[in-house]
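Quick note on numbering: the sequence shown equals residues 235 to 733 in our numbering.
Shown next, in structure tokens, is the structure this report addresses.
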Amino acid sequence: MSTISGSPRSIDVSSASPPSPHVEGRERTPLDIVRRLDWWRAIRILAPLGAFAIEGLPALIGALLVQEGGLWLTSRYAAERQQRYARRLFLAAYALRMVLALPTHYVAKLSNGSGALPFFRDDYTNDLVGEWLVRIARGDGGVSIFPGHQYLLSSIYSYLLMGIYAVFGYSPLLPKLLNIGLASLCAVMVFELARKAFNPRAALVAGICAVALPSLVVWSIATLKETLVLFTSLVALASVQFLCTASRRDSRVIDAVVLLVATLALLIDLRFTSTFIFVGLVALVLLARSRVRLRAWQTALATLLVVGVLAGGLVMIRLRTSDRPLSATVEDIVLQIRHRRAQEAAGAASQLRSELDVVSATGSGLPAAESASDAAPFSVVGDILNPLGYALLAPAPWQAQSLTELGASVEMPVWYALLCASFFAWRAAPRQPLFVVCLVVFGIANWLMLAAVEGNLGNLLRHRLVLDVALLILGAAGLQWLWARCGQWLHMQLLARHK
Numbered sequence: 235m236s237t238i239s240g241s242p243r244s245i246d247v248s249s250a251s252p253p254s255p256h257v258e259g260r261e262r263t264p265l266d267i268v269r270r271l272d273w274w275r276a277i278r279i280l281a282p283l284g285a286f287a288i289e290g291l292p293a294l295i296g297a298l299l300v301q302e303g304g305l306w307l308t309s310r311y312a313a314e315r316q317q318r319y320a321r322r323l324f325l326a327a328y329a330l331r332m333v334l335a336l337p338t339h340y341v342a343k344l345s346n347g348s349g350a351l352p353f354f355r356d357d358y359t360n361d362l363v364g365e366w367l368v369r370i371a372r373g374d375g376g377v378s379i380f381p382g383h384q385y386l387l388s389s390i391y392s393y394l395l396m397g398i399y400a401v402f403g404y405s406p407l408l409p410k411l412l413n414i415g416l417a418s419l420c421a422v423m424v425f426e427l428a429r430k431a432f433n434p435r436a437a438l439v440a441g442i443c444a445v446a447l448p449s450l451v452v453w454s455i456a457t458l459k460e461t462l463v464l465f466t467s468l469v470a471l472a473s474v475q476f477l478c479t480a481s482r483r484d485s486r487v488i489d490a491v492v493l494l495v496a497t498l499a500l501l502i503d504l505r506f507t508s509t510f511i512f513v514g515l516v517a518l519v520l521l522a523r524s525r526v527r528l529r530a531w532q533t534a535l536a537t538l539l540v541v542g543v544l545a546g547g548l549v550m551i552r553l554r555t556s557d558r559p560l561s562a563t564v565e566d567i568v569l570q571i572r573h574r575r576a577q578e579a580a581g582a583a584s585q586l587r588s589e590l591d592v593v594s595a596t597g598s599g600l601p602a603a604e605s606a607s608d609a610a611p612f613s614v615v616g617d618i619l620n621p622l623g624y625a626l627l628a629p630a631p632w633q634a635q636s637l638t639e640l641g642a643s644v645e646m647p648v649w650y651a652l653l654c655a656s657f658f659a660w661r662a663a664p665r666q667p668l669f670v671v672c673l674v675v676f677g678i679a680n681w682l683m684l685a686a687v688e689g690n691l692g693n694l695l696r697h698r699l700v701l702d703v704a705l706l707i708l709g710a711a712g713l714q715w716l717w718a719r720c721g722q723w724l725h726m727q728l729l730a731r732h733k
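Okay, here's the thing in structure tokens:
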């Protein structure tokens, strides 16, 4: 049971058991025994045993490494007074995901042999490519990567799977266990980021949402790289948060910079656009903490310089990857965005729809849809407002076309509540205003990027996980402030009635 108070310790998870109803002379009931169980220890024992029952010794070793390694990292990252609660938050997220992952993996393994979830096609593809890479490395000449799967060879995630299978043998449950451990650490990091930026009450709300939000749960129990992207982004955000408040003479600043550079190098492969966003955040922190007080025109000039560097990097990448002239850059970007919107309208290969719901099994309807989008005149509503709304508000429950899409929209009421509450986050008196500004910029930049490049609902839900971080922290702070204000108003009303 959690006790929240206004003292500096704020959150104190008591280890005392509730008073036992056992009276001398009366036999213990099953309820008394259940109350005396140490559920946290039970999770640490039962989860590895469940993995062992499904895939044997490699899964047992993997579960123990992920579980105990995650608890150790949690103790290292969380504040000393919050370690007990942070460890329980990690175990709660870990237990919830294991309860879902083990049965679904076992049932799927009975049908397809790999345990890949049928509604995540990339789950099967990633697992297959990882296994084939191991066989190729061992000299199996009868294996070759299909042309349709060769794009995965440029991703570090495929080689991570290869390394896991090379060390432990082919055990497709292991990548899921790794994702579960990373997702549990993400819940702890969201809690700590919110606690440092706002207060423990807001951190409690953010941590619980990070544990149980359906999108964060579902994508973490499959062999997909989204959880790794989310964890890497949180590490980068934690580094930015430290740089926002650390003293210039603090010896840990160099460590934070090295960690941030390594994280950005990893993000170049995992999510290229996030790297540019974090470079912008670092520039913002350096500008805000600079001892030189710039005037308005100097600040504007420095901002233009940072934007110019980022844009120049994109131009260089384009020159190396495209034969089109530089003057056609804007036209190509607009056409690409409109093509993605056309694919969305055609339901192009949405991961939430079956192949029969797509325009055609071979995608032959897509060129016609793209040609129609090219011929349509530019519209502010259709080309700007609709994509922005779609990226932030989809999938709306009232727009669901199937039971699967309706299931995907279950969390949207919570999403809408957090979105509305995030507008009141600044009223919650943030302890780290500069980091809160960085968090807002991070959220808006990701939102604009999603609106520009996401063309179908499945990819939108996957790539929007990074946006969850900003929404959880800001929304939790706003909810905590609203709850305090409503409680104060109700208290005043009750006092007025009693008078």
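All C-beta atoms in this analysis are idealised placements derived from N, C-alpha and C, irrespective of residue type, glycine included.
From a predicted model like this one, the values you see are computed outputs, not experimental measurements.
> Nearest CA to the CA of Pro-381: which residue from Ser-405, Thr-359, Val-675 and Thr-466?
Replying inline: Thr-359
> Between the stretch 467-479 and the stretch 348-366, are three or more C-beta pairs nearer than 8 Å?
Replying inline: no
> If you draw a straight line from the C-alpha of Leu-691 to the C-alpha of Pro-629, how long is it?
Replying inline: 7 Å
> Near Ala-730, which residues of its chain fall below 7 Å by C-beta distance, leaving aside the five closest residues on each side in sequence?
Replying inline: none
>> One question on the structure: do Leu-323 and Phe-425 come within less than 7 Å of each other, judged by their Cβ atoms?
In response: yes
> Are Val-422 and Thr-308 closer than 7 Å when you measure CB to CB?
Replying inline: yes
> Quick check: the stretch 272-288 against the stretch 384-399, are there 3 or more CB pairs under 8 Å?
Replying inline: no
> Does the distance from the C-beta atom of Val-474 to that of Leu-521 stay below 7 Å?
Replying inline: no
>> Just to confirm before moving on: does the CB-CB distance between Arg-321 and Leu-305 stay below 7 Å?
In response: yes
>> Tell me whether the stretch 362-375 and the stretch 396-403 touch, counting them as touching only if at least three CB pairs, one residue from each stretch, are closer than 8 Å.
In response: yes
>> Quick check: what's the CA-CA separation for Val-377 versus Leu-386?
In response: 16 Å
> What's the gap between the Cα of Val-674 and the Cα of Phe-476?
Replying inline: 17 Å
> Excluding the five sequence neighbours on either side, which residues of its own chain have a C-beta within less than 8 Å of the C-beta of Gln-666, listed in chain order?
Replying inline: Lys-430, Ala-431, Gln-475, Cys-478 and Thr-479
> Straight-line CA distance for Cys-420 to Ala-496?
Replying inline: 18 Å
> Less than 7 Å separating the beta-carbons of Leu-462 and Gly-296?
Replying inline: no
>> Can you check which of these residues, Glu-645, Ser-656, Arg-278 and Ala-417, is closest to Leu-458 by C-alpha distance?
In response: Ala-417
> Grouping DSSP H, G and I as helix and E and B as strand, with all else coil, what is Leu-728?
Replying inline: helix
>> What does the alpha-carbon distance come out to for the pair Ser-524 and Ala-536?
In response: 12 Å
> Over what stretch of residues does the alpha helix (DSSP H) that includes Lys-343 continue unbroken?
Replying inline: 317-346
>> For the alpha helix (DSSP H) containing Val-615, name the first residue and the last one.
In response: Careful: Val-615 lies outside any alpha helix (DSSP H) and carries neither H nor E.
> Rounded C-beta distance between Leu-501 and Ser-508? I'm assuming under 8 Å.
Replying inline: 5 Å
> Can you list, in chain order, the residues of its chain whose CB lies under 7 Å from that of Leu-640, leaving out five sequence neighbours each side?
Replying inline: Pro-631 and Ala-634
>> Once the 5 residues before and after Tyr-340 are set aside, which same chain residues still bring their CB inside 8 Å of it?
In response: Ile-288 and Gly-349
> Hey, how far is the Cα of Ala-582 from the Cα of Asn-693?
Replying inline: Low confidence applies here, because Ala-582 scores a pLDDT of 42, under 50, leaving its location unreliable; read the following figure in that light. Taking the straight line joining both Cα atoms gives about 11 Å.
> Once you ignore the five residues that flank Ala-400 on each side, which residues in its own chain have a CB closer than 8 Å to its CB?
Replying inline: Val-368 and Ala-371
> Mind checking whether Trp-715 and Ala-651 have CB atoms under 7 Å apart?
Replying inline: no
> Which residues in the same chain have their Cβ closer than 7 Å to the Cβ of Gly-546, if we skip the five residues on either side of it in sequence?
Replying inline: none
>> Let me confirm a value: Phe-676 is counted as buried when at least 16 other C-beta atoms fall within 10 Å, else exposed. Which label applies?
In response: buried
> Anyone know if the C-beta pair for Ala-292 and Gly-403 falls short of 7 Å?
Replying inline: Before going further, note that residue 292 is Pro rather than Ala in the sequence given. Yes, the Cβ-Cβ distance between Pro-292 and Gly-403 is below 7 Å.
> Roughly how many angstroms lie between the CA atoms of Arg-719 and Gln-301, to the nearest whole one?
Replying inline: 40 Å
>> Going by beta-carbon coordinates alone, are Ala-444 and Leu-701 separated by less than 7 Å?
In response: no
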